[in-house]
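Participant: Residues 604 to 1267 in the working numbering are what the sequence shown spells out, letter by letter.
Before I ask anything, let me first share the structure, which is written out below as structure tokens.
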Amino acid sequence: MNLDQQIEQLKSCQPLSEAQVKDLCDKAREILVEESNIQRVDAPVTICGDIHGQFHDLMELFRVGGMCPQTSYLFLGDFVDRGLYSVETFLLLLALKVRYPDRITLIRGNHESRQITQVYGFYDECQRKYGSANVWRYCCDVFDYLSLGAIVDGRVFCVHGGLSPNITTLDQIRLISRKQEVPQDGAMCDLLWSDPDGTYTRLTQEITGWGVSPRGAGFLFGGDVVKNFVHSNGLDLIARAHQLILEGFKPMFDATIVTVWSAPNYCYRCGNVASIMQLDDALNQKYLTFDAAPTVIAELSDRVNSTEGAENLVIPAIHKHLEGDSIHAQKRALTILEGLVEMGTPQFQQSFATPELRRALVTTARSITTDNGVRRKLMLILLSWHRHFMRDPEMTVVTSLYGLCGGVDRVPVLPNQVKDMNTPNKPKPAHNIDLHSLSHGLSSVDGTIESTKSETDTLLAAMIDAKQRNVPLLEDPTVRTHTLTVLELQKTVVRFIHMVNDEDFLNRLVFANDRIVDVLQRLQMAAAGAPLESHPLGTDPPPKEDVILGAARRLSLATDTPLPAVAEPEAPKDLPPVYEDHIVGAARRLSLPNIQDSDGPVNSLGLSREVDRSLLLHSGFTSAAPSRAAVDNLAPANPNEIDMDVVARNTENMQGSVSSLSPL
């Protein structure tokens, strides 16, 4: 068979013939039978979590991580079920395995099972696309040959679900007879079904030992179990999948185990991002996150445009997610709304901004509880609509959204029509440094951008120096001086964003504001007691540092240390932690004393308030990724995604149930 041609066909989401599927599955079994229960994998390698039949998102994963064989991949199972393209997804991965057996490793998930696939979609999809269950049977035969785990350079153990009370060493896993249907209990079942316990999220609440899983199969296990297993087997890390993680990945138990989730907007409605974990030659970890493939939004847009009254169903759903508590659901709703408007018919563009949606957008933009990343995304979208539709009288309602949400009506400054901003009705910025170049049209944009880079770098250096001298940041004169300078520069940058009509200048200004937001957020967190992030502005910290900083920040927020002369308000107990932080901060600001003191025009409390206010007002124009502060404390999704009693009951009632299959 022409395998390369079949791979290209599958990349186009075109299914193979039944005969081709049988041939491919036969070839795959010949390769998989030679692999161990714990397959050895060499670094560097990219580790991927659940895919669940989301074919277009798998192609987005390959776009982000690189195509096989250029990139070596390890997939942690759950290739099928729930998504619309389980057949094409699994067959593409299987074809890549046959074509490049040393560059892609596939291990078994709990959905690679006859019982589960008869209930959660893969069986029905095969029946629908091929008219029989033959393809389903060919694939299920391959499932039985998949490895139960993998180990990268002898140090990183990879498994779909988790650990088992019946397993203490890797050698015990190597002795399991894996060529069978997934059993209802026992070590093999546990490896595919178990979860690390999620009640640890408050640092003092980690469980110990083993617990009953709400899934109905496998177990919950605590940090002590993970650490003992890692130590006993000479490991650095356990990498697993199996649980929806809204931010794409989640280290746990002092970073001894990490969950990787690779199906964005799970089931086309959860609003989560996805991630992949890259391990380099030294086993350093790097996480790449990505959103759902644009193709999915295009398909949704086609359905909306071709269905009369479809906007009456779509817009309320977007409205609901915007008013919800999930940051990623809010961002996902904005992404979908942006795509629908961009690709929508004129009728949709003129009708989507219902009064309810407008109120939701305004509330999202102006609320102090809104995450900075969500506000940034919203304001960029509204600014884009304002620019694109501002000359269309039919789109007045849409173009007015930018102003309603806090944006300023833009006065274009064109390269051939430079306006002097030093006119009597254009007051100079109120700062005490020489920024006279800011008043010379587009030429001053370059000066502002250069000043921003210089001042933000200087402020970061001053913060690092103050930390090394154990001086409180907001009491250090150099830090205070440069903070005030950066705050004034941000006002100028934002003013230019409102005025400049040149795309290149606009992008550079947005990037400049990114730097300002970055350094001010670091100042804000460090002043609250968290470790100061010292990596260069505009870059991500190393993954291990990221984990440590996030844990330290959560610890500092949990410490009940009131500000000087200000009573620390107690956050409502029933709010998610990410909103506790916002409300406590707002209550602090409301109870601040007069900001004047004998040391100068602005004391440390007043400067802290100015930093908070600047981040609230001016972070909406930047394109940076959401801050860790926005996602550190997000609770994981409910792990009870499958009820084994339902599986068993439905399996017994279905034609072709397990009892009617030939013995393995």
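No residue lacks a Cβ here, since even glycine has one placed at the ideal position from N, Cα and C.
Remember, predicted model here, so these are calculated numbers, not experimental data.
On the DSSP bridge assignment, give the partners of tryptophan 864 in chain order.
Facilitator: According to DSSP, tryptophan 864 bridges with Asp653.
Participant: Let me know the secondary structure DSSP gives proline 897 once reduced to three states.
Facilitator: Correct three-state label for proline 897: helix.
Participant: Just curious, the alpha helix (DSSP H) that lysine 614 is in, first and last residue?
Facilitator: Counting along the chain, the alpha helix (DSSP H) containing lysine 614 begins and ends at 606-614.
Participant: Would you say serine 689 reaches chain B, if we count a Cβ-Cβ gap shorter than 9 angstroms as a contact?
Facilitator: No chain B is present in this structure, which holds just one protein chain.
Participant: Helix, strand or coil: how does DSSP classify methionine 993 here?
Facilitator: In this structure, methionine 993 counts as coil in the three-state DSSP scheme.
Participant: What did DSSP end up calling proline 786 once you bin it into helix, strand or coil?
Facilitator: Three-state result, proline 786: coil.
Participant: Assess contact between the stretch 856-874 and the stretch 930-942, defined as three or more Cβ pairs (one per stretch) separated by less than 8 angstroms. Is contact present?
Facilitator: Short answer: they touch.
Participant: Assuming leucine 749 contacts isoleucine 710 under a Cβ cut-off of 8 angstroms, what Cβ separation, rounded to an integer in Å, is found between them?
Facilitator: About 6 angstroms; that satisfies the 8 angstroms criterion.
Participant: Where DSSP assigns a beta bridge to phenylalanine 822, which residues make up the other side?
Facilitator: DSSP, once it has assigned bridges, lists Val815 as partnering phenylalanine 822.
Participant: Identify which residue in Val701, Val667, Met993 and Gly686 has its Cα closest to the Cα of isoleucine 610.
Facilitator: The shortest C-alpha separation from isoleucine 610 is found at Val701.
Participant: Quick check on arginine 643: does DSSP put it in helix, strand or coil?
Facilitator: Strand, per DSSP.
Participant: In the DSSP output, which residue or residues are listed as bridge partners for phenylalanine 852?
Facilitator: Answer is Val863, bridged to phenylalanine 852.
Participant: Can the beta-carbon of leucine 840 be found less than 9 angstroms from the beta-carbon of leucine 891?
Facilitator: Result no, Cβ atoms of leucine 840 and leucine 891 do not sit closer than 9 angstroms.
Participant: Only counting runs of 4 or more residues, tell me where the alpha helix (DSSP H) segments fall wholly within the stretch 928-1005, in order along the chain.
Facilitator: Here the runs fully enclosed are 930-946, 949-954, 958-969 and 975-992.
Participant: Can you find the residues in the same chain that come closer than 7 angstroms, C-beta to C-beta, to aspartate 1012, ignoring five residues on each side of it along the sequence?
Facilitator: Legend: pLDDT at aspartate 1012 = 47, less than 50; position of this residue unreliable, no value from coordinates given.
Participant: Using the DSSP secondary-structure output, state which residues sit across from serine 750 in a beta bridge.
Facilitator: Looking at the DSSP assignment, serine 750 forms a beta bridge with Ile710.
Participant: Please state the DSSP three-state secondary structure of valine 755.
Facilitator: Strand, per DSSP.
Participant: Ordered along the chain, which non-local residues of its own chain (more than five positions away) have a Cβ less than 8 angstroms from that of asparagine 836?
Facilitator: Cβ within range, chain order: Phe760, Thr772 and Leu773.
Participant: Just the Cα atoms here: how many angstroms apart are alanine 1174 and arginine 1118?
Facilitator: Residue placement at alanine 1174 is flagged as unreliable, the pLDDT there being 37, under the threshold of 50; the coordinate-derived value follows with that caveat. Rounded to whole angstroms, alanine 1174 to arginine 1118 spans 31 angstroms at the Cα level.
Participant: Would aspartate 1037 be called buried (16 or more neighbouring beta carbons within 10 Å of its own) or exposed?
Facilitator: With a pLDDT of only 38 at aspartate 1037, under 50, the local geometry of the prediction cannot be trusted, and no value is derived from it.
Participant: Measuring CB to CB, does serine 797 end up less than 9 angstroms from leucine 823?
Facilitator: The answer is yes: Cβ separation under 9 angstroms.
Participant: Assuming contact is defined by CB atoms lying nearer than 9 angstroms, are leucine 679 and isoleucine 650 in contact in what I supplied?
Facilitator: Yes, the Cβ-Cβ distance between leucine 679 and isoleucine 650 is below 9 angstroms.
Participant: Would cysteine 628 and tyrosine 733 be called neighbours here (beta carbons separated by less than 9 angstroms)?
Facilitator: Cβ distance not < 9 angstroms, so cysteine 628 and tyrosine 733 don't count as in contact.
Participant: Roughly how many angstroms lie between the CA atoms of glutamate 621 and glutamine 657, to the nearest whole one?
Facilitator: Cα to Cα, the separation comes out at about 21 angstroms.
Participant: In three-state terms, what does DSSP make of phenylalanine 682?
Facilitator: The answer is coil: DSSP assigns phenylalanine 682 none of H, G, I, E or B.
Participant: Could you please give the first and the last residue of the uninterrupted beta strand (DSSP E) stretch that includes serine 878?
Facilitator: It spans 877-882 - the beta strand (DSSP E) in which serine 878 sits, taken as one unbroken run.
Participant: Give the DSSP-derived three-state secondary structure of glycine 837 in the structure shown.
Facilitator: Three-state DSSP puts glycine 837 in coil, outside helix and strand.
Participant: To which residues of the same chain is threonine 957 closer than 7 angstroms at the C-beta, ignoring the five residues directly before and after it?
Facilitator: Cβ within range, chain order: Ile918.
Participant: Since glutamate 663 and alanine 896 should fall inside the 8 angstroms C-beta cutoff, what is the C-beta to C-beta distance between them, to a whole number of angstroms?
Facilitator: With a Cβ gap of about 4 angstroms, glutamate 663 and alanine 896 count as contacting.
Participant: Using DSSP with H/G/I as helix, E/B as strand and the rest coil, what is threonine 892?
Facilitator: If DSSP states are grouped into helix, strand and coil, threonine 892 belongs with the strands.
Participant: Which residue comes first and which comes last in the alpha helix (DSSP H) that contains cysteine 628?
Facilitator: 621-635 is the extent of the alpha helix (DSSP H) around cysteine 628.
Participant: Which value, in whole angstroms, describes the spacing of the CA atoms of phenylalanine 693 and leucine 882?
Facilitator: Looking at the two C-alpha atoms, the distance is approximately 24 angstroms.
Participant: Using only CA atoms, which one of Gln718, Ile1100 and Trp739 lies nearest to glutamine 730?
Facilitator: Nearest option by C-alpha distance: Trp739.
Participant: Between which two residues does the alpha helix (DSSP H) harbouring aspartate 727 extend?
Facilitator: First-last of the alpha helix (DSSP H) with aspartate 727: 725-733.
Participant: Measure the Cβ-Cβ separation of glycine 764 and aspartate 793 and say whether it is below 9 angstroms.
Facilitator: In this structure, aspartate 793 lies closer than 9 angstroms to glycine 764 by Cβ.
Participant: Any idea which residues DSSP pairs leucine 1007 with across the strands?
Facilitator: The partner list for leucine 1007 (beta bridge, DSSP) is empty, contrary to what the question assumes.
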